[in-house]
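In what follows, a single structure is set out as structure tokens and then discussed.
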Amino acid sequence: MYFEDFQLGQKWETKGRTVTEADVVIFTGMTGALNPLFLDEEYGKRTRFKGRIVPGLLTASIAVGLTYQLPADPFGEGFVALAKLEFDAKRAVKIGDTLKCVVEVTDKKEREKDGRVYLMTRVMNQSGEEVMTLRMEIVCNKKG
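When we follow the working numbering, the leftmost residue of the sequence shown carries the number 79, and every step to the right adds one.
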């Protein structure tokens, strides 16, 4: 999408995506995040989570990926960069949870050749519980 295509208050809902064992194994191996809380079920059972949890950065990555797949295509033609990403974890995500997002345009700042668009993403699990919020700042070209 181009800068002009984004409207304040515009909202989209993503499709759902179930977090799998393979997601966690690949992500932790690729990043080196070999924490027993993510990989050792017996260790996880002894924690307040009563089992393994999904790394927060993996949850955030899935949320960004779901946003990429929106039919409105905010990261398609016109997109330049994801300039900033901040997230707040609210609840533990477990293997087998299905996540979906509600993405809202919260602000826009026009510049000479492009603009910054600010997105707030609420990530929910299959029970409708908010598990994370993300704030994204993206750079988009202007039309023409």
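Even glycine gets a Cβ: it sits at the ideal position worked out from N, Cα and C.
Annotated three-state conformation of V195 is strand, per DSSP. Per the C-alpha coordinates, the member of T106, D192 and I131 positioned closest to E120 is I131. At the C-beta level, F81 and G193 come within 7 Å of one another. Rounded to whole angstroms, the separation of the alpha carbons of G122 and P114 is 7 Å. Here DSSP, grouped into helix, strand and coil, assigns T92 to coil. Along the stretch 79 to 156, the beta strand (DSSP E) occurs as fully enclosed runs of 3 or more residues at 89 to 91, listed in sequence order. Judged by beta-carbon spacing, A141 lies within the 7 Å limit of L212, meaning their Cβ atoms are closer than that value. Residue pairing by DSSP puts V180 in a beta bridge opposite E91 and R200. With respect to the 7 Å criterion, K178 and T92 are classified as neighbours on the basis of their beta carbons. The closest CA to that of K162, considering only P133, V102, I216 and W90, is found on I216. Separation of the CB atoms of V209 and M198 is rounded to 15 Å, and the pair is thereby denied contact status at 8 Å. V183 counts as buried, since no fewer than 16 other beta carbons sit within 10 angstroms of its beta carbon. In this structure, the alpha-carbon of R169 lies about 43 Å from that of G222. Sequence-distant partners of L148 (beyond 5 residues in either direction) whose C-beta falls short of 8 Å from its own C-beta, in its chain, are W90, T92 and V181.
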